[in-house]
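**Student:** Residue numbers (our numbering): 344 to 787. Below: one structure in structure tokens.
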Amino acid sequence: MTTSSETIEVTPSARRLTSSLRDIGYDVNAAVADLIDNSLSAGARNVDVFAEYCVDGLSFLMIADDGAGMSDREIDEAMRFGSERAYEDSDLGKYGLGLKTASLSQARRLTVASRTAPSRAKVRLRCLDLDHIEQVDRWEVLASLSDSNVAWAGACYEHLQRGPGTVVVWDRLDRLLRNSMHNDGAGRRRLRNVANGLHLHLGMVFHRFLEGIADGWDGERLTISVNGTKVRPWNPFAIDQAETVTMSPSRFEVTLGGVPSTIRFDPYVLPARSLFDDPDEFERLSGPRKWNRQQGLYIYRADRLVQSGGWAGIRAIDEHTKLARAALSFGPELDDLFRVNVAKMRVTVPSEIRSLVTPDIGALCKRAQLMYRRDQRTSDGTTEQPEPRSGPVATGASSLDLARLATGLAAAAAATGTTAELRRMAESLALDDADIVRRIGWVE
Ligand SMILES: Nc1ncnc2c1ncn2[C@@H]1O[C@H](COP(=O)(O)OP(=O)(O)OP(=O)(O)O)[C@@H](O)[C@H]1O
Ligand SMILES: [Mg+2]
344 MTTSSETIEV TPSARRLTSS LRDIGYDVNA AVADLIDNSL SAGARNVDVF
394 AEYCVDGLSF LMIADDGAGM SDREIDEAMR FGSERAYEDS DLGKYGLGLK
444 TASLSQARRL TVASRTAPSR AKVRLRCLDL DHIEQVDRWE VLASLSDSNV
494 AWAGACYEHL QRGPGTVVVW DRLDRLLRNS MHNDGAGRRR LRNVANGLHL
544 HLGMVFHRFL EGIADGWDGE RLTISVNGTK VRPWNPFAID QAETVTMSPS
594 RFEVTLGGVP STIRFDPYVL PARSLFDDPD EFERLSGPRK WNRQQGLYIY
644 RADRLVQSGG WAGIRAIDEH TKLARAALSF GPELDDLFRV NVAKMRVTVP
694 SEIRSLVTPD IGALCKRAQL MYRRDQRTSD GTTEQPEPRS GPVATGASSL
744 DLARLATGLA AAAAATGTTA ELRRMAESLA LDDADIVRRI GWVE
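Encoded structure:
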């Protein structure tokens with residue numbers, strides 16, 4: 344027997360929903376970063392951000408890229424909450440929401456202007472205006488500006504004159520400027536601070552792109568500018584410092600929904616203050632939340648940083664391990680495992696992955712503690728002493744026995760496919776008794 348049931352379409356209230364979607368957790372930095380994700384997905388290599396204070400409530404924030412731009416069909420789809428699009432393997436987009444939700448988290452009006460053709464300066468424009476939606480309570484976008492009293496039109500059209508690309512503008516900045524909107528001094532200060540904050544945040548989130556080390560970029564670099572000044576990449580691992588310790592990486596094969604994927608774990612111990620080339624660089628590397636709170640995992644999705652610092656519940660923040668940082672990188676095919684949130688500001692490291700990386704994190708933190716103690720001794724003015732020897736092997740065993748033991752263990756590890764584990768054990772042993780490791784020939 345078949346049963347049929349009547350269905351009733353229940354359309355959401357545009358007025359209510361657009362208003363509540365403003366509060367899904369973006370701050371201004373995350374909101375701008377989400378729009379730059381879109382620029383990258385569209386193949387942009389240059390992104391210019393302007394945060395400009397203007398009198399009479401005309402202040403705006405504009406993000407202009409030189410990506411592929413959007414056709415008529417694409418720009419309409421782009422403005423839809425829950426846009427449909429086929430995503431590529433390394434695509435930074437996921438939900439079809441970012442453009443709208445990120446923008447409305449800061450502004451009452453979002454305007455998108457886009458040009459595709461290199462030979463023809465035809466500009467398509469769409470405008471999502473909360474005041475209009477409140478009035479009509481329908482999911483409508485406008486094909487022209489809802490009012491032409493804007494301060495950004497010149498800059499926008501000038502940008503699109505140069506070639507294909509997309510310009511996204513936020514104005515009526517009720518959230519971004521809040522009460523300072525009507526006060527010149529406070530408004531200007533606020534936008535200056537926003538621009539400064541963006542420099543740091545974008546330099547961190549997109550550092551792999553800015554440095555040309557993102558997968559598939561082959562050394563090509565992204566350029567981002569904020570109010571005309573180039574954003575400098577902030578690589579959390581101080582890879583340019585001679586004393587940075589790059590520990591052995593680990594790769595974990597994971598299959599989700601039948602799709603195999605690799606999670607990469609790359610641990611580093613950063614140099615202690617006294618070992619940095621330059622004290623200013625030590626300060627810069629401390630990061631936005633400073634050394635203690637910037638220790639831990641840097642989680643990258645498709646090479647874009649989504650979470651920085653903290654140990655994802657694996658261990659606590661500790662002064663003694665403040666020099667330990669590790670990259671944990673995964674691809675969008677593992678989104679369901681990591682539960683990336685809409686604002687791309689947070690992931691949850693699942694317990695299976697936590698167990699996989701816990702031993703590596705243990706080894707990393709041990710090494711970081713050594714670095715920390717080394718620095719303490721130097722700054723105390725006491726001379727560095729070798730670590731005290733410990734363990735049964737060190738006393739009385741001849742060097743011949745040790746060499747034979749080392750060869751035997753290496754052969755056994757090779758036979759059982761556990762060479763990587765043995766290497767990790769050797770690294771861990773080196774932290775407790777560097778002398779043994781040296782004597783048996785396991786040079787790290
Ligand atoms: N700067 C841009 N250049 C070209 N196309 C863009 C640009 N910004 C947005 N789009 C188009 O608009 C669509 C919707 O963007 P939106 O950010 O809302 O969703 P998404 O990027 O697909 O997913 P997510 O919600 O995860 O960001 C994109 O899929 C893309 O096709
Ligand atoms: Mg997006």
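Note that beta-carbon positions come from the ideal geometry of N, C-alpha and C, so glycine has one too. All values derive from a computational prediction rather than experimental measurement.
Just tell me which of E431, A407, W577, E352 has its CA closest to the CA of A645.
**Tutor:** If you number the sequence shown from 1, residue 645 lands on position 302. Closest by alpha carbon: E431.
**Student:** Measuring straight from C-alpha to C-alpha, what distance separates E483 and T454?
**Tutor:** As a first step, residue 483 is located in the sequence shown; it is residue number 140 there, counting from the start. As a first step, residue 454 is located in the sequence shown; it is residue number 111 there, counting from the start. Distance between the alpha carbons of E483 and T454: 13 angstroms.
**Student:** Going by DSSP in three states, F595 sits in which element: helix, strand or coil?
**Tutor:** Taking the sequence shown and counting its residues from 1, one reaches residue 595 at position 252. If DSSP states are grouped into helix, strand and coil, F595 belongs with the strands.
**Student:** Between which two residues does the beta strand (DSSP E) harbouring G425 extend?
**Tutor:** If you number the sequence shown from 1, residue 425 lands on position 82. Careful: G425 lies outside any beta strand (DSSP E) and carries neither H nor E.
**Student:** When DSSP labels each residue in this structure, what does D583 get in the three-state scheme?
**Tutor:** Here the question's residue 583 lines up with position 240 in the sequence shown. D583: coil per DSSP, three-state reduction.
**Student:** Just curious, the alpha helix (DSSP H) that V371 is in, first and last residue?
**Tutor:** Looking up residue 371 in the sequence shown gives position 28. 371-384 is the span of the alpha helix (DSSP H), which, as asked, contains V371.
**Student:** In terms of residue numbering, what span does the beta strand (DSSP E) encompassing L471 cover?
**Tutor:** Stepping through the sequence shown from its first residue, residue 471 is reached at position 128. Here the beta strand (DSSP E) through L471 covers 467-472.
**Student:** Using the Cβ count rule (16 or more neighbours within 10 Å means buried), how would you classify I351?
**Tutor:** Counting from 1 along the sequence shown, the entry for residue 351 is found at position 8. Burial call: exposed.
**Student:** Let me check understanding here. Comparing Cα to Cα, which of W634, K465, F403, L677 lies closest to V512?
**Tutor:** Counting from one through the sequence shown, the residue named residue 512 turns up at place 169. Comparing Cα positions, the closest option is F403.
**Student:** Mind checking who S672 pairs with in its DSSP beta bridge?
**Tutor:** The residue you call residue 672 lines up with position 329 of the sequence shown. R607, Y643.
**Student:** Can you tell me whether L599 sits near ligand 1, meaning its C-beta is under 7 angstroms from at least one heavy atom of the ligand?
**Tutor:** The residue you call residue 599 lines up with position 256 of the sequence shown. No - ligand 1 has no heavy atom lying nearer than 7 angstroms to the Cβ of L599.
**Student:** Confirm, please, whether the CB-CB distance from A357 to M480 is below 8 angstroms.
**Tutor:** As a position in the sequence shown, residue 480 is number 137, starting the count at 1. As a position in the sequence shown, residue 357 is number 14, starting the count at 1. Reading off the sequence shown, one finds Asp at residue 480, where the question assumed Met. Closer than 8 angstroms, so yes.
**Student:** Use the C-beta contact count for R755: other C-beta atoms within 10 angstroms, 16 or more gives buried, fewer gives exposed.
**Tutor:** Within the sequence shown, residue 755 is the residue found at index 412, counting from 1. Note that residue 755 is Ala in the sequence shown, not Arg. So A755 ends up on the exposed side.
**Student:** Select from Q719, L565, D408 the residue whose C-alpha is nearest the C-alpha of G340.
**Tutor:** It is not possible to answer for residue 340, since the shown part of the chain is limited to 344 through 787.
**Student:** How long is the line joining the alpha carbons of G811 and L534, rounded to whole angstroms?
**Tutor:** No answer is possible for residue 811: the residues shown for the chain start at 344 and end at 787.
**Student:** What is the DSSP secondary structure of S356, counted as helix, strand or coil?
**Tutor:** Start at 1 with the first residue of the sequence shown, and residue 356 comes out as number 13. Looking at S356 - three-state DSSP - the assignment turns out to be coil, as it is neither helix nor strand.
**Student:** What does a CB cutoff of less than 8 angstroms around L553 pick up in its chain, not counting 5 residues either side in sequence?
**Tutor:** Counted from its first residue, the sequence shown places residue 553 at position 210. Result list for L553: G546, R564, L565, T566, I567, V574, R575, P576, in chain order.
**Student:** Assign A394 to one of three DSSP states: helix, strand, or coil.
**Tutor:** Within the sequence shown, residue 394 is the residue found at index 51, counting from 1. Correct three-state label for A394: strand.
**Student:** Could you tell me the alpha carbon to alpha carbon distance between P579 and N492, rounded to whole angstroms?
**Tutor:** Counting from 1 along the sequence shown, the entry for residue 579 is found at position 236. Counting from 1 along the sequence shown, the entry for residue 492 is found at position 149. About 43 angstroms.
**Student:** Going by CA-CA distance only, name the one from A496, S384, I418, Y438 that's closest to E395.
**Tutor:** As a position in the sequence shown, residue 395 is number 52, starting the count at 1. Out of A496, S384, I418, Y438, A496 has the C-alpha closest to the C-alpha of E395.
**Student:** Rounding to the nearest angstrom, what Cα-Cα distance links S382 and A445 in this structure?
**Tutor:** In the sequence shown, the residue the question calls residue 382 occupies position 39. In the sequence shown, the residue the question calls residue 445 occupies position 102. Answer to the nearest angstrom: the Cα atoms are 14 angstroms apart.
**Student:** Please list, in chain order, all residues with a C-beta atom less than 6 angstroms from at least one heavy atom of ligand 2.
**Tutor:** Result: D377, D380, N381, G436, G441, L442.
**Student:** What number of angstroms, rounded off, separates the C-alpha of I606 from the C-alpha of D703?
**Tutor:** Position 263 of the sequence shown holds residue 606. Position 360 of the sequence shown holds residue 703. So the alpha carbons of these two residues sit roughly 13 angstroms apart.
**Student:** Would you call the region 433-452 and the region 513-520 touching, i.e. three or more CB-CB distances under 8 angstroms?
**Tutor:** Enough Cβ pairs lie closer than 8 angstroms, so yes.
**Student:** Closer than 6 angstroms by C-beta to V569: which residues in its own chain qualify, once you throw out the five before and the five after it? Chain order, please.
**Tutor:** Taking the first residue of the sequence shown as 1, we reach residue 569 at position 226. Only V392, A538, L541, H542 meet the Cβ criterion.
**Student:** How would you label K665, buried or exposed, when you count the other beta carbons within 10 angstroms and need 16 or more for buried?
**Tutor:** Counting from one through the sequence shown, the residue named residue 665 turns up at place 322. Buried, since its Cβ has 16 or more Cβ neighbours within 10 Å.
**Student:** Report the option in I379, R423, G425, S457 whose CA atom is closest to the CA atom of S414.
**Tutor:** To locate residue 414, count along the sequence shown from 1; it is residue 71. With distances taken between Cα atoms, S414 lies closest to S457.
**Student:** Applying the 10 Å Cβ sphere with the 16-neighbour rule, what's the burial state of R647?
**Tutor:** Indexing the sequence shown from 1 puts residue 647 at position 304. It counts as buried.
**Student:** Does any heavy atom of ligand 1 sit closer than 7 angstroms to the C-beta of N547?
**Tutor:** Taking the first residue of the sequence shown as 1, we reach residue 547 at position 204. The question names Asn, but residue 547 in the sequence shown is Met. Result no, Cβ not under 7 angstroms from ligand 1.
**Student:** Assuming M405 is part of the beta strand (DSSP E), what are its boundary residues?
**Tutor:** Counting from 1 along the sequence shown, the entry for residue 405 is found at position 62. 403-408 is the span of the beta strand (DSSP E), which, as asked, contains M405.
**Student:** Taking 7 angstroms as the cut-off, is the C-beta of T454 nearer than that to any heavy atom in ligand 1?
**Tutor:** By 1-based counting over the sequence shown, the position of residue 454 is 111. Outside the cutoff, so no.
**Student:** Mind checking Q638: buried by the 16 CB within 10 Å criterion, or exposed?
**Tutor:** What you label residue 638 is simply residue 295 of the sequence shown in a count that begins at 1. Buried, by the Cβ-count rule.
**Student:** Can you find at least 3 beta carbon pairs, one from the region 613-631 and one from the region 653-660, that sit closer than 8 angstroms?
**Tutor:** They do not touch, by the three-pair rule.
**Student:** Need the endpoints of the alpha helix (DSSP H) that D623 sits in, please.
**Tutor:** Against the sequence shown, residue 623 aligns to sequence position 280. Run containing D623: 622-628, per the alpha helix (DSSP H) assignment.
**Student:** If you draw a straight line from the alpha carbon of R467 to that of A686, how long is it in whole angstroms?
**Tutor:** Position 124 of the sequence shown holds residue 467. Position 343 of the sequence shown holds residue 686. About 27 angstroms.
**Student:** Can you have a look at R308 and say buried or exposed, based on whether 16 or more other CB atoms are within 10 angstroms of its CB?
**Tutor:** Outside the shown range of the chain (344 to 787) lies residue 308, about which nothing can therefore be said.
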